[in-house]
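These notes are about the structure you will find just below.
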Amino acid sequence: MAGPLNVVILSCGLITALCVLPASAQGSPEPITGERKLPLPDGPGGFDFEIGRWNSVVKRLKRPLSGSHEWVELSGTTVVRKLLDGRANIAELDIAGPSGRIQGVSLRLYDAQSRQWSIHYANIAAGALTAPMVGDFKHGRGEFHGDDSLDGRPIKVRFVIECDRRESCRFEQAFSADAGKTWELNWLATDTLIGALDPSPR
């Protein structure tokens, strides 16, 4: 993933150490429409499609839930490694652009009882894990939800994963300040597969 950064999100599918410098505005990206057809598996193999090394292009809303429409663009790589026979995986994001650099890690864990995944982002600046987002893969779409805060107010967080083919996936994050009635997109990552990784130790 080029997963997001909670609160400015980390993808893969990601992730939260952030150094922000002045940046120019970018056009608002189009959200995921649900038209991407590649099936993503349910269950403990849900993230198998993402194992490997990816080019990541990320568009990030500079000031979420502020009324601002200023977007910044970053690019770099995401590396995703499988752990514990697919019941866990770890994603490392390293992207940069005129707005600064984002480096981070996300840990995804599968709960066999609930048949759901939890996504935990590492806040590199604070040296701690953020509150998890929880969800699953259904009908070829991954959707995950969590609670967070932004500038002292509680918000809902939604993270969506869809792929149009094996080599290309999109990851989007949105925030809601009204308990999920309306959502504002603030992170859109497009990942293109570079290649596979050597098998990871169990």
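Per this note's numbering: the sequence shown = residues 1050 to 1251.
Glycine residues also receive a C-beta, built at the ideal position from the N, C-alpha and C atoms.
Bear in mind the structure is a predicted one, so any value in this text is a computation, not a measurement.
#1: Go to residue 1165, then tell me how far its beta strand (DSSP E) extends in each direction, as first and last residue.
#2: Just to check my reading of the structure: residue 1203 and residue 1136 have Cβ atoms closer than 8 Å, yes? What is that Cβ distance to the nearest angstrom?
#3: With DSSP collapsed to three states, give me the class of residue 1094.
#4: Below 8 Å, can you find three or more Cβ-Cβ pairs linking the segment 1107–1118 to the segment 1173–1183?
#5: Taking the beta strand (DSSP E) that residue 1194 belongs to, which residues open and close that run?
#6: Is it true that the segment 1205–1219 meets the segment 1118–1131, where meeting means three or more beta-carbon pairs spaced less than 8 Å apart?
#7: In terms of DSSP beta bridges, what is residue 1105 paired with?
#8: Can you tell me which residues form a DSSP beta bridge with residue 1138?
#9: Would residue 1127 and residue 1142 be called neighbours here (beta carbons separated by less than 8 Å)?
In this structure, then:
#1: On the sequence shown, position 116 is the one that residue 1165 refers to. DSSP places residue 1165 inside the beta strand (DSSP E), whose first and last residues are 1165–1172.
#2: Sequence index remark: in the sequence shown, residue 1203 carries index 154 (1-based). Sequence index remark: in the sequence shown, residue 1136 carries index 87 (1-based). In this structure residue 1203 does not touch residue 1136 by the C-beta definition: roughly 31 Å separates them, more than the 8 Å allowed.
#3: By 1-based counting over the sequence shown, the position of residue 1094 is 45. The answer is helix: DSSP assigns residue 1094 an H, G or I state.
#4: By the Cβ criterion, the segment 1107–1118 is not in contact with the segment 1173–1183, since fewer than three pairs of Cβ atoms, one from each stretch, lie closer than 8 Å.
#5: Translated into positions along the sequence shown, residue 1194 becomes position 145. Residue 1194 -> beta strand (DSSP E) spans 1190–1199.
#6: At 8 Å Cβ cutoff, the stretches do not touch.
#7: Here residue 1105 is taken as the residue at index 56 of the sequence shown, counted from 1. The partner list for residue 1105 (beta bridge, DSSP) reads 1125 and 1240.
#8: Taking the first residue of the sequence shown as 1, we reach residue 1138 at position 89. Answer is 1131 and 1157, bridged to residue 1138.
#9: Working through the sequence shown from its first residue, we reach residue 1127 at position 78. Working through the sequence shown from its first residue, we reach residue 1142 at position 93. Against a cut-off of 8 Å, the Cβ pair of residue 1142 and residue 1127 comes out as a contact.
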